[in-house]
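Protein chains in written order, with the working numbering: chain A, 1 to 335; chain B, 336 to 667. Structure first, commentary second.
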């Protein structure tokens, strides 16, 4: 992002919660607890930026992506898209709103209907929303296929005829069909080979440049997230623990979890790896149905103090644009 | 030399045609050494290693030719009973998915003691004692009590630790690790990599680590072998390979990685196209259709693996033209 003018907030998430109930009993399904997949998460996404959302499996990053499109109904909180609170929209209003908000899925094998031709897969959303007539359909499909680097005649083929990378391109073409302004990319490259990952990431970046798209890029691969994102949010056990500018996060991580996560990622350079000191976290992530009291991270934190076991740290801005949820991080004087 | 594989060829005879999975692969490894085999899915990295333990389903698979000399014996010439004595005893293996490779209806204890009974004729209290020591060695807290657990009671990282314990039960000379951290989170991956490295220092075993993650390779290997479409296209000591890659595919792979220490706003180098169908391999070099340095000769003739320095071998007609001084990344 360049220039001094304040960028427009496209999507604002406020105190978003998504709990999945745990029920017991065969007949009377008693509600015995909740999996707190997303527990009070707030962030903004500016127009034209890519916000990276990283964390380990089960931290709730995919649930955030799905809940803010209302593919899951939120348990609490608000999601403002272009100034409108979409959590209050009726089903038909929501369908109209989804035209502007699309999703690219992780598994390119499971997310395309094997019985539909590529042309039908891509044109289905357009016909559903009546933004293109049947006559213009083929022309628009050809345009979209070419936009994602596929041949126009692929429209007549079926998904099984394509490789993983090509399928992911088809998924991207489908998400672009409605000319959205915002796309949730849910681990779009995790299932792909290394040489193909770079192709897809480059494609996403080119499309962002030409179409002015805004992305929420969900991933567990920190090096790819750094590459594509403007700002990055780190999640741990249903909460955002750190949120800041991409370079700031990698140059000056403040939360002990972020530090450990960054140090766990191997750098593809044996000379650097030889000299690196690696912070090793002990144990596993606790269950989100029974999170620890106080700070979520206290069971694995190498620096935990008695206070961390009692009070939950709020996400505070410790320096301009750098938000951290940790008792041990003091705000700098400039903040 | 502990293990010497020469000119291994493995094919699969399927209804779709003959899959040329491994096309004349040679490598060796000595005690205490770590060799990484890297490549993309379907490049033959797993098959080339599973073939040495004869873990290829036959049919449809068939080891067509080659020699696998392990401590002076050719493993391909052993009968079924003889190879069973090698598996899990002298050569052990850990797999990618610890949930599907552990038996869900047996306790962790039973799964560890099984190998001890088979190979060391150990049973009862002695075997249980050894199993508990092994679980402690892989840093599972409260090991003795956890022996009675079933795999579902373990988390992903703990299951992979239990697999490492099982693999090391009989103190193997060679550990084969087939993408053991691919299904794990990065912090857990880091734990497992450090664990295996620590155990290697204690036991001086050799490790073949199969992966597609070039970061993990940089962290743990001494030598690297890059495979593409069933061929070894480059092999070198790890620093040499990363610092001075000489095959266009290796160069492309390294360039396509975003690096935590790279300047931002560089577009990734991407290799166009996709790996070939190994039923119908192109004539000549299999990488030629994707290669930006392709010449006429590449389309007709597979280049042999030739040394460019003492320990650095490359199979490319244009190895002398591939730039020195690391991968070049296109600037945006």
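Using N, Cα and C, we set each Cβ at its ideal position, and we do this for glycine too. Bear in mind that the values here come from a model prediction, so they are computed numbers and not experimental data.
Check, Outcome
"Taking the runs of the beta strand (DSSP E) that are 3 residues or longer, which of them lie wholly in the region 365–414 of chain B?", "369–373 and 396–405"
"To the nearest angstrom, report how far apart residue 446(B) and residue 506(B) are at their CA atoms.", "16 Å"
"Specify whether the region 201–212 of chain A and the region 14–25 of chain A touch according to this definition: at least 3 beta carbon pairs, one from each stretch, less than 8 Å apart.", "no"
"Less than 8 Å between the C-beta atoms of residue 609(B) and residue 149(A), yes or no?", "no"
"Would you mind stating whether residue 144(A) and residue 173(A) have Cβ atoms separated by less than 8 Å?", "yes"
"Would you call the region 571–590 of chain B and the region 392–408 of chain B in contact, with 3 or more CB pairs under 8 Å?", "no"
"Assess, as a yes-or-no matter, whether the region 406–420 of chain B is touched by the region 479–487 of chain B under the definition of 3 or more beta carbon pairs within less than 8 Å.", "no"
"So, at 7 Å on beta carbons, what are the nonlocal neighbours of residue 621(B) in its own chain, with the 5 sequence-adjacent residues on each side left out?", "563, 564, 566 and 611"
"Who are the neighbours of residue 146(A) on chain B, taking C-beta pairs under 8 Å?", "Chain B residues near residue 146(A): none, gap ~16 Å exceeds 8 Å."
"Which of the residues in the region 521–539 of chain B, read from start to end, lie with their CB under 9 Å from any CB of chain A?", "521, 522, 523, 524, 525, 526, 528 and 529"
"Using a Cβ-Cβ cutoff of 9 Å, what residues of the region 212–242 of chain A are near chain B? List them in chain order.", "220, 221, 222, 223, 224, 225, 226, 227 and 228"
"When we look at the beta-carbon of residue 256(A) and count the other beta-carbons within 10 Å, is it buried (16 or more) or exposed?", "buried"
"Between the region 559–575 of chain B and chain A, which residues of the former have a C-beta closer than 8 Å to a C-beta of the latter?", "573 and 574"
"Check whether the Cβ atoms of residue 121(A) and residue 127(A) lie closer than 8 Å to each other.", "no"
"Tell me which residues share the same chain as residue 442(B) and place their Cβ nearer than 8 Å to its Cβ, disregarding the 5 neighbours each side in the sequence.", "482, 483, 484 and 485"
"Any chance you could list the alpha helix (DSSP H) runs of at least 4 consecutive residues sitting entirely within the region 134–185 of chain A, in chain order?", "134–147 and 164–176"
"Counting beta carbon pairs with one atom in the region 358–367 of chain B and one in the region 318–327 of chain A, are three or more of them shorter than 8 Å?", "no"
"Closer than 8 Å, CB to CB, is residue 588(B) near chain A or not?", "yes"
"Taking residue 531(B) as part of the alpha helix (DSSP H), name the residues at either end of that continuous run.", "521–538"
"Just to confirm the assignment: which complete alpha helix (DSSP H) runs, minimum length 4, are found wholly within the region 425–492 of chain B?", "433–436, 443–455, 459–472 and 478–481"
"I need the straight-line Cα distance from residue 212(A) to residue 344(B), nearest angstrom please.", "51 Å"
"Let me make sure I understand the geometry here. Which of 535(B), 356(B) and 406(B) has the alpha-carbon closest to that of residue 384(B)?", "356(B)"
"Under 6 Å Cβ to Cβ from residue 371(B), same chain only, skipping five residues before and after it: list those, please.", "544, 552, 556 and 559"
"Under 8 Å, Cβ to Cβ, is there at least one residue of chain B near residue 165(A)?", "yes"
"Buried or exposed for residue 253(A), please, with buried defined as at least 16 other CB atoms from any protein chain shown within 10 angstroms of its CB.", "buried"
"So with Cβ pairs under 8 Å, would you call residue 604(B) a contact of chain A?", "yes"
"Hey, how far is the Cα of residue 283(A) from the Cα of residue 456(B)?", "34 Å"
"Say whether chain B places a C-beta atom closer than 8 Å to the C-beta of residue 252(A).", "no"
"With 8 Å set as the bound, which would you pick, yes or no: does the beta-carbon of residue 202(A) sit closer than that to a beta-carbon of chain B?", "yes"
"Per DSSP, what kind of secondary structure is residue 625(B) in: helix, strand or coil?", "helix"
"Taking buried to mean at least 16 other C-beta atoms within 10 Å of its own C-beta, is residue 8(A) buried or exposed?", "exposed"
"Pull up the CB-CB distance for residue 652(B) and residue 642(B), whole angstroms please, since I reckon it's below 8 Å.", "Not quite, the Cβ-Cβ distance comes to about 15 Å (not below 8 Å), so this is no contact."
"Throw me the rounded Cβ distance for the residue 65(A) and residue 216(A) pair, which I believe falls under 8 Å.", "6 Å"
"Could you check what DSSP says for residue 664(B) in three-state terms: helix, strand or coil?", "With a pLDDT of only 41 at residue 664(B), under the threshold of 50, the placement of this residue in the model should not be trusted, and no figure is reported."
"Which one of 62(A), 29(A) and 37(A) has the shortest CA to CA distance from residue 53(A)?", "62(A)"
"At least one CB of chain A closer than 8 Å to the CB of residue 352(B): is that the case?", "no"
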